[in-house]
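Written below as structure tokens is the structure these notes are about.
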Amino acid sequence: MPLCILALALPACKGEGGGDGTGTTGMDTEGPSTADDTGTTGDTETDGDPIDVDVVPAPGGIRRLTPSQYVQSVELMLGAAAAAAADPPPLPQLGSFDSETAVGEPLTPIDIEAYEGSALDIGTAVMNDSSGLAVVAPCINLSHDAACYQQIAENLGRFAWRRPLLDEELTTLTTIAAAGQEWASGDFMTGVKYEVAAILESPNFLYVTEVGQPTGEGDVRELDQYELATRLSFFLVGHTPDLGLLDLAASGGLSTTADIEAVAYELLDRAEARDRLSEFYDEVYRLRDLETKGKDATLFPTFTPELAAAMRQETQLLLLNVVFEEQSNFLNIFDAGYTFVNDDLAQLYGMASPAFPWQLVQLPVEQGRAGLLTQGAFLTVFSHPDINSPTRRGLFVQETVLCTDIQPPPPTVNPMPPTPSEGQTLRDWLEDTHNSDDGCASCHGLMDPVGYAFERYNAIGAYRQLDNGLPIDSSGDVGGLGTFANASELATLIRNDPRTATCVVRNLYRSTLGHREGIDQADGIALLDEAFAETDYNYKAVMVELTLNPLFRLVDAPK
Numbered sequence: 002m003p004l005c006i007l008a009l010a011l012p013a014c015k016g017e018g019g020g021d022g023t024g025t026t027g028m029d030t031e032g033p034s035t036a037d038d039t040g041t042t043g044d045t046e047t048d049g050d051p052i053d054v055d056v057v058p059a060p061g062g063i064r065r066l067t068p069s070q071y072v073q074s075v076e077l078m079l080g081a082a083a084a085a086a087a088d089p090p091p092l093p094q095l096g097s098f099d100s101e102t103a104v105g106e107p108l109t110p111i112d113i114e115a116y117e118g119s120a121l122d123i124g125t126a127v128m129n130d131s132s133g134l135a136v137v138a139p140c141i142n143l144s145h146d147a148a149c150y151q152q153i154a155e156n157l158g159r160f161a162w163r164r165p166l167l168d169e170e171l172t173t174l175t176t177i178a179a180a181g182q183e184w185a186s187g188d189f190m191t192g193v194k195y196e197v198a199a200i201l202e203s204p205n206f207l208y209v210t211e212v213g214q215p216t217g218e219g220d221v222r223e224l225d226q227y228e229l230a231t232r233l234s235f236f237l238v239g240h241t242p243d244l245g246l247l248d249l250a251a252s253g254g255l256s257t258t259a260d261i262e263a264v265a266y267e268l269l270d271r272a273e274a275r276d277r278l279s280e281f282y283d284e285v286y287r288l289r290d291l292e293t294k295g296k297d298a299t300l301f302p303t304f305t306p307e308l309a310a311a312m313r314q315e316t317q318l319l320l321l322n323v324v325f326e327e328q329s330n331f332l333n334i335f336d337a338g339y340t341f342v343n344d345d346l347a348q349l350y351g352m353a354s355p356a357f358p359w360q361l362v363q364l365p366v367e368q369g370r371a372g373l374l375t376q377g378a379f380l381t382v383f384s385h386p387d388i389n390s391p392t393r394r395g396l397f398v399q400e401t402v403l404c405t406d407i408q409p410p411p412p413t414v415n416p417m418p419p420t421p422s423e424g425q426t427l428r429d430w431l432e433d434t435h436n437s438d439d440g441c442a443s444c445h446g447l448m449d450p451v452g453y454a455f456e457r458y459n460a461i462g463a464y465r466q467l468d469n470g471l472p473i474d475s476s477g478d479v480g481g482l483g484t485f486a487n488a489s490e491l492a493t494l495i496r497n498d499p500r501t502a503t504c505v506v507r508n509l510y511r512s513t514l515g516h517r518e519g520i521d522q523a524d525g526i527a528l529l530d531e532a533f534a535e536t537d538y539n540y541k542a543v544m545v546e547l548t549l550n551p552l553f554r555l556v557d558a559p560k
């Protein structure tokens with residue numbers, strides 16, 4: 002009986018919705034009108050600043066919330082206890098960023114069951130602790146009646162679905178609440194449980210709708226006020242818009258460039274913006290892989306979960322320091338002469354234990370360390386369990402730091418770790434193996450020489466002077482980058498390479514929009530590149546510039 006009650010709200014999620022352009026969930030991508038009972042609207046029909054449409058933006062449509070966005074939104078709306086009960090299904094890691102997967106990956110039956118279970122668990126948590134719901138719907142502490150079900154539908158529904166609800170949607174939710182109460186022999190809070198669950202299992206919560214309104218310029222459409230508020234909030238603070246931002250959208254308060262800029266800077270001043278930046282670079286630099294990165298316990302007995310967590314935090318602290326504390330040139334992350342260590346990291350780097358749990362320290366010059374590419378996190382993630390991987394390290398630099406396109410290896414390539422013989426360094430083995438085949442050399446010639454710069458650091462980032470008992474050669478000459486003797490010299494080359502700054506911008510765009518830029522977006526990306534340079538590569542400034550860019554405020558026809 003309870004699941005039948007909840008199913009009343011879920012025809013679209015079950016794939017029973019109809020109409021053109023419904024996508025994988027059955028949800029109409031044109032979206033419902035945001036008209037309220039008086040006939041007024043909260044959309045973008047405003048007299049705001051005109052937007053340059055001399056670009057083809059990413060296609061509009063719908064995209065699924067990432068697990069992090071889901072949980073953080075539940076916490077904002079309903080409190081910590083509800084968030085602790087949230088258990089959305091994971092996204093498969095198919096692209097560089099979760100947002101890319103969220104755009105195109107359909108729900109499976111297992112996903113739908115997981116969302117249903119999560120929504121019901123959250124509803125149960127709200128039954129047991131309604132303090133979070135009371136902020137949105139104060140009636141929960143005052144009057145347990147049909148009017149309270151209506152208030153929950155209106156207020157929590159608007160919060161979760163990021164727009165006002167239609168009359169028929171409100172009726173559906175209150176009907177579910179009443180049916181749940183009746184099934185539970187008159188228990189009001191059981192009705193609340195199923196009403197909350199129905200709101201959270203709806204595609205209107207699970208998917209962000211970005212279809213916009215016609216601009217009169219071909220298929221290009223401008224995001225309406227609620228869509229723009231939603232995109233701003235998820236981009237900068239990682240969760241659904243709060244009530245203040247929704248109110249601003251309802252009043253047309255995101256109509257001008259000045260409006261958007263002010264809101265963007267206000268969001269960046271919140272604590273959640275720091276968490277969002279850390280989460281973003283967890284993806285970019287694969288820091289989240291440290292949790293599952295196994296190492297040979299015999300060779301690396303000091304590699305513990307605690308050390309892995311410290312490595313992750315070290316890189317995050319460097320990024321947060323540059324972006325929020327110093328608000329300095331973002332490219333400093335690539336050749337910074339300092340880092341942050343706790344006791345575990347100090348031991349790894351051969352340094353004295355810090356006086357505080359975490360302390361800013363100068364990197365040991367004699368080890369040739371500089372910037373995040375000589376930190377334990379990068380060196381550990383891009384290694385094998387028992388041996389370094391110059392190829393993986395070099396590939397990451399080329400693809401993620403410089404945005405160089407490198408073809409994937411053919412399916413016949415053996416992915417096993419290298420096995421140098423006695424009297425061979427790893428570099429010797431790789432040069433003999435990869436350079437002997439023209440098919441291998443064309444790509445490995447871009448990757449391996451970059452990775453050789455990091456050969457003085459083992460598979461968990463500890464400094465070493467010998468490899469297999471032989472001296473290490475960490476020098477290189479890489480076309481397009483230049484000549485270097487060690488990792489610190491390579492770091493300087495990377496920082497000064499013009500591709501690095503534009504790759505920072507491209508990664509920001511890709512993650513935010515869930516779209517890989519192409520020639521149609523070139524002019525918009527160029528505007529961001531120029532703005533980044535003009536602000537001396539201030540990262541907060543370029544984040545704000547992205548929110549003002551036509552690529553952020555416009556969408557192409559949904560596909």
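Taking the numbering used here, the leading residue of the sequence shown gets 2, the next gets one more, and so forth.
All C-beta atoms in this analysis are idealised placements derived from N, C-alpha and C, irrespective of residue type, glycine included.
Candidates R370, V72 and L374, of which the one nearest F206 by Cα: The sequence position of residue 206 within the sequence shown is 205, counting from 1. Cα-wise, what sits closest to F206 is V72.
Distance between M352 and A534 (C-alpha atoms, nearest Å): Numbered from its first residue, the sequence shown carries residue 534 at position 533. Numbered from its first residue, the sequence shown carries residue 352 at position 351. Approximately 36 Å, taken between the alpha carbons.
DSSP state of G568 mapped onto helix, strand, coil: Residue 568 is absent from the structure shown; the chain starts at 2 and stops at 560.
Simplified DSSP assignment, three categories, for N330: Counted from its first residue, the sequence shown places residue 330 at position 329. N330 falls in the strand class under three-state DSSP.
Boundaries (first-last residue) of the alpha helix (DSSP H) holding E284: Counted from its first residue, the sequence shown places residue 284 at position 283. From DSSP, the alpha helix (DSSP H) with E284 extends over A272 to V285.
T173, enclosing alpha helix (DSSP H) - first and last residue: Sequence index remark: in the sequence shown, residue 173 carries index 172 (1-based). T173 -> alpha helix (DSSP H) spans D168 to W184.
Length at least 4, wholly inside the region 60 to 146: the alpha helix (DSSP H) runs in chain order: 68 to 79, 81 to 86, 99 to 105, 110 to 129 and 132 to 137
Start-to-end residues for the alpha helix (DSSP H) that takes in T493: Locating residue 493 in the sequence shown gives position 492, counting from the first residue. A488 to N497 is the span of the alpha helix (DSSP H), which, as asked, contains T493.
Q151 versus F397: straight-line alpha-carbon distance, rounded: Residue numbering aside, residue 151 sits at position 150 when the sequence shown is read from its first letter. Residue numbering aside, residue 397 sits at position 396 when the sequence shown is read from its first letter. So the two alpha carbons sit approximately 52 Å from each other.
Segment limits, alpha helix (DSSP H) that includes Q360: The residue labelled residue 360 in the question sits at position 359 within the sequence shown. Taken as a continuous stretch (DSSP letters only), Q360 belongs to no alpha helix (DSSP H), being part of the beta strand (DSSP E) at Q360 to Q363.
Complete alpha helix (DSSP H) runs within the region 408 to 490 (minimum length 4 residues, chain order): 427 to 435 and 439 to 453
Beta-carbon proximity of A488 to G377, cut-off 8 Å: In the sequence shown, the residue the question calls residue 488 occupies position 487. In the sequence shown, the residue the question calls residue 377 occupies position 376. No.
Nonlocal neighbours in the same chain, by C-beta distance under 7 Å from D557, ignoring five residues either side: Taking the first residue of the sequence shown as 1, we reach residue 557 at position 556. Cβ within range, chain order: V57, P58, A59, P60, G61, D220 and V221.
Same chain, Cβ closer than 6 Å to S34, neighbours up to 5 away in sequence not counted: Along the sequence shown, one-based indexing puts residue 34 at 33. Unreliable positioning characterises S34 in this predicted model, as indicated by a pLDDT of 33, which lies under 50. The coordinate reading is nonetheless provided below. None.
Cβ contact check for the region 292 to 312 and the region 273 to 280: 3 or more pairs under 8 Å: no
Of the listed residues E284, F335, D478 and T216, nearest to N508 (C-alpha basis): Here residue 508 refers to the residue found at position 507 when the sequence shown is read from its first residue. Checked all of E284, F335, D478 and T216; the closest Cα to N508 is E284.
Option in R465, E228, G480 and G481 with minimal Cα separation from D474: Here residue 474 corresponds to residue number 473 of the sequence shown, with the count starting at 1. Residue R465 is the option with its Cα nearest to D474.
8 Å contact criterion, which E223 and G213 should meet: CB distance rounded: Translated into the one-based positions of the sequence shown, residue 223 becomes position 222. Translated into the one-based positions of the sequence shown, residue 213 becomes position 212. With 8 Å as the limit, E223 and G213 qualify as a contact, their Cβ atoms being about 5 Å apart.
Extent of the continuous beta strand (DSSP E) to which V209 belongs: Position 208 of the sequence shown, counted from the start, is the residue given in the question as residue 209. Taken as a continuous stretch (DSSP letters only), the beta strand (DSSP E) holding V209 covers Y208 to E211.
Whole-angstrom distance between I261 and L549, CA atom to CA atom: Reading the sequence shown from its first residue, position 548 is the one you call residue 549. Reading the sequence shown from its first residue, position 260 is the one you call residue 261. Roughly 7 Å separates the two Cα atoms.
Collapsed DSSP secondary structure at E218 in the structure displayed: In the sequence shown, counting from the first residue as 1, residue 218 sits at position 217. Here E218 sits in coil by DSSP.
CA-to-CA distance, R394 to D44, given in whole angstroms: On the sequence shown, position 43 is the one that residue 44 refers to. On the sequence shown, position 393 is the one that residue 394 refers to. With a pLDDT of 40 at D44, under the threshold of 50, the predicted position of this residue should be treated as unreliable, though the coordinate-derived value follows. Taking the straight line joining both Cα atoms gives about 47 Å.
CB contact flag (N142, A135, <8 Å): Position 141 of the sequence shown, counted from the start, is the residue given in the question as residue 142. Position 134 of the sequence shown, counted from the start, is the residue given in the question as residue 135. For N142 and A135, yes; Cβs fall inside 8 Å.
Span separating the alpha-carbon of P409 from that of N459: Residue 409 sits at position 408 when you count from the first residue of the sequence shown. Residue 459 sits at position 458 when you count from the first residue of the sequence shown. If you take the alpha carbons of P409 and N459, they lie about 25 Å apart.
Distance between P107 and T26 (C-alpha atoms, nearest Å): Translated into positions along the sequence shown, residue 26 becomes position 25. Translated into positions along the sequence shown, residue 107 becomes position 106. Any answer about T26 is weak, because its pLDDT of 32 lies below 50 and its placement is not dependable; what the coordinates show is given next. One C-alpha to the other measures close to 7 Å.
Reduced DSSP category for S234 - H, G, I as helix; E, B as strand; rest coil: The sequence position of residue 234 within the sequence shown is 233, counting from 1. It is helical.
Assigned secondary structure, D37 (DSSP; H/G/I helix, E/B strand, else coil): As a working note, residue 37 is residue 36 in the sequence shown. Caution is warranted here: a pLDDT of 37 is assigned to D37, below 50, making its placement in the model unreliable, and the coordinate value is therefore given only provisionally. Coil.
Residue of L167, G483 and P68 minimising C-alpha distance to A87: Position 86 of the sequence shown holds residue 87. Of the candidates L167, G483 and P68, the one whose C-alpha sits nearest the C-alpha of A87 is P68.
Residues near L555 by beta carbon distance below 8 Å, same chain, minus five either side: Start at 1 with the first residue of the sequence shown, and residue 555 comes out as number 554. Answer for L555: I52, V54, V56, P58, G213, T216, V221, R222, E223 and L224, listed in chain order.
contact_flag[the region 242 to 258, the region 149 to 169] where n(CB pairs < 8 Å) is 3 or more: yes
Extent of the continuous alpha helix (DSSP H) to which P551 belongs: As a working note, residue 551 is residue 550 in the sequence shown. Residues P551 to R554.
Three CB pairs or more closer than 8 Å across the region 186 to 203 and the region 120 to 130: yes
Residue from F235, L269 and P358 with nearest C-alpha to L77: For this step, residue 77 is matched to residue 76 along the sequence shown. The shortest C-alpha separation from L77 is found at F235.
Pick from T102, Q94, S100 and P90 that is closest to P110, judged by C-alpha positions: Residue numbering aside, residue 110 sits at position 109 when the sequence shown is read from its first letter. It is P90.
Three-state secondary structure (DSSP) of D50: Start at 1 with the first residue of the sequence shown, and residue 50 comes out as number 49. Note: D50 maps to coil in three-state DSSP.
Reduced DSSP category for E202 - H, G, I as helix; E, B as strand; rest coil: Indexing the sequence shown from 1 puts residue 202 at position 201. It is helical.
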